[in-house]
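One structure is given here, and the rest of the page talks about it.
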Amino acid sequence: MKGGYNLFKESIRFPLIFFVVSVIWQVTAKNEVQWIDNIGVSFIMFLIFLLYNWSKKPYKWKKESEK
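With this note's numbering as the guide, the letters of the sequence shown map in order to residues 705 to 771.
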């Protein structure tokens with residue numbers, strides 16, 4: 705299970721930073737926060753990073769079947 709946790713941890717870092725920075729910027733520049741847009745973009749970024757990081761991991765079953 706630890707491998708899944710690391711995959712999640714690696715994938716959440718940048719979208720979370722993006723969310724916080726975009727909220728702070730919108731509060732200071734516009735005095736209005738687009739919560740749905742920020743959450744949506746951050747969630748899509750998270751899914752893309754999660755899929756990318758997941759695809760980089762080699763499959764154990766493929767290694768075993770080649771033996």
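Where is the CB? At the ideal position from N, CA and C, for every residue including glycine.
These numbers come from a predicted model, not from an experiment.
Sequence-distant residues of the same chain with beta carbon closer than 7 angstroms to residue i, five excluded per side
i, result
"Trp758", "Leu711"
Proximal residues to residue i (C-beta, below 6 angstroms), its chain only, five neighbours per side dropped
i, result
"Leu754", "Ser715"
Backbone secondary structure at residue i - three-state DSSP
i, result
"Tyr756", "helix"
"Gln738", "coil"
"Lys713", "helix"
"Pro762", "coil"
Whole-angstrom C-beta distance between residue j and residue i, which should lie under 8 angstroms
i, j, result
"Asn742", "Phe723", "6 angstroms"
Proximity test, residue i beta-carbon vs the ligand HEM heavy atom, cut-off 7 angstroms
i, result
"Leu720", "No copy of the ligand HEM appears in this structure; indeed no ligand is present at all."
Nonlocal neighbours in the same chain, by C-beta distance under 8 angstroms from residue i, ignoring five residues either side
i, result
"Met749", "Phe718, Pro719, Phe722"
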